[in-house]
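Novice:
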Amino acid sequence: MNAAGGALDAAAAEHPAYRDGLRIMATELRAGAQAWEEATDFLRQTAGKEDDVVLLGSVPYLMLTGELLCGWHMARAALACSEALAEGKDDHFHADKFASCVFYASHILPRAMQRARAVRYGLVVNRHMAPLFQS
1 MNAAGGALDA AAAEHPAYRD GLRIMATELR AGAQAWEEAT DFLRQTAGKE
51 DDVVLLGSVP YLMLTGELLC GWHMARAALA CSEALAEGKD DHFHADKFAS
101 CVFYASHILP RAMQRARAVR YGLVVNRHMA PLFQS
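Sequential numbering of the sequence shown, starting at 1, is according to UniProt numbering.
1. Would you call the CB atoms of Leu43 and Gly57 closer than 8 Å?
2. To which residues of the same chain is Val53 closer than 7 Å at the C-beta, ignoring the five residues directly before and after it?
3. With respect to the alpha helix (DSSP H) encompassing Leu64, which residues constitute its N-terminal and C-terminal limits?
4. Count the CB pairs spanning the region 20-35 and the region 98-113 that are closer than 8 Å, and state whether there are at least three.
5. How many angstroms separate the CA atom of Cys70 from the CA atom of Pro60?
6. Return the chain-ordered list of same chain residues with a C-beta closer than 6 Å to the C-beta of Cys81, the five sequence neighbours on each side being excluded.
7. Select from Met74, Asp9, Glu50 the residue whose C-alpha is nearest the C-alpha of Ala130.
8. Which ranges would you report for the alpha helix (DSSP H) in the region 84-131 if only whole runs of at least 4 residues count?
9. Alpha carbons only, please: which of Arg117, Ala84, Gln134 is nearest the one belonging to Ala17?
10. Under DSSP, the alpha helix (DSSP H) around Gln45 begins and ends at which residues?
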């Protein structure tokens, strides 16, 4: 993911017309990757000790992973579109696809931090829920 962030930064420097969108993409992709790493580390440390907590975090972790991987693909698409548009390919497809990539980066990728928090909050949630299942 860091390589994609670097490529987005380089493209932003080369293509001023698409700079803002590419910077948003780079920023949110890096933040999402950091959130994924933190959630992964948490689950590794917790696995085998508190399996209920791992189970509670499994769905947000999978959602985080899926949204981040889609973000990576959208970053690749944004790079291709910005290059095509900068070369003068005047078609609606590249402009529309670039817009959808920026939308994804600004509206979907920020969810990564929320999902990572949900994974980590599993410890607290489990402590409060455990009594409900003991009879």
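All residues carry an ideal CB built from backbone N, CA and C; glycine is no exception. Computed from a prediction, not measured in an experiment: that's the story for all the values here.
Specialist: Looking at the coordinates:
1. yes
2. Thr46, Gly122, Leu123, Asn126
3. 51-86
4. At 8 Å Cβ cutoff, the stretches touch.
5. CA-to-CA, the gap between Cys70 and Pro60 works out to about 15 Å.
6. His94, Lys97, Phe98
7. Glu50
8. 92-107, 111-120, 122-129
9. Ala84
10. 19-46
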